[in-house]
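Below: the structure, in structure tokens.
In my numbering, the protein residues as written are 115 to 205.
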């Protein structure tokens, strides 16, 4: 029984070594055209239904997000909003 276990273990170890020796190294080089500009042109493939500009509230909302605020003013605003929420929950 021990001989069978020894032979099975040694054959597995030797097979692993044989597989490890079959290493294939692949090399490649990618060369692009450096003269091409790095620009993407997006061309519409069909005309728009309406050429009127759609008015959006998004720019006005984003202006408020990105405007400068002092830390103390921001903290005061948070406190006031918290008080308003507590008042609304109580009612």
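Ideal placement from N, C-alpha and C gives every residue a C-beta, glycine not left out.
Query	Result
Beta-carbon separation of residue 183 and residue 191 under 9 Å?	yes
Could you give the distance in angstroms between the alpha-carbon of residue 200 and the alpha-carbon of residue 181?	27 Å
In three-state DSSP terms, what is residue 145?	coil
Quick one: Cα of residue 154 to Cα of residue 144, how far?	21 Å
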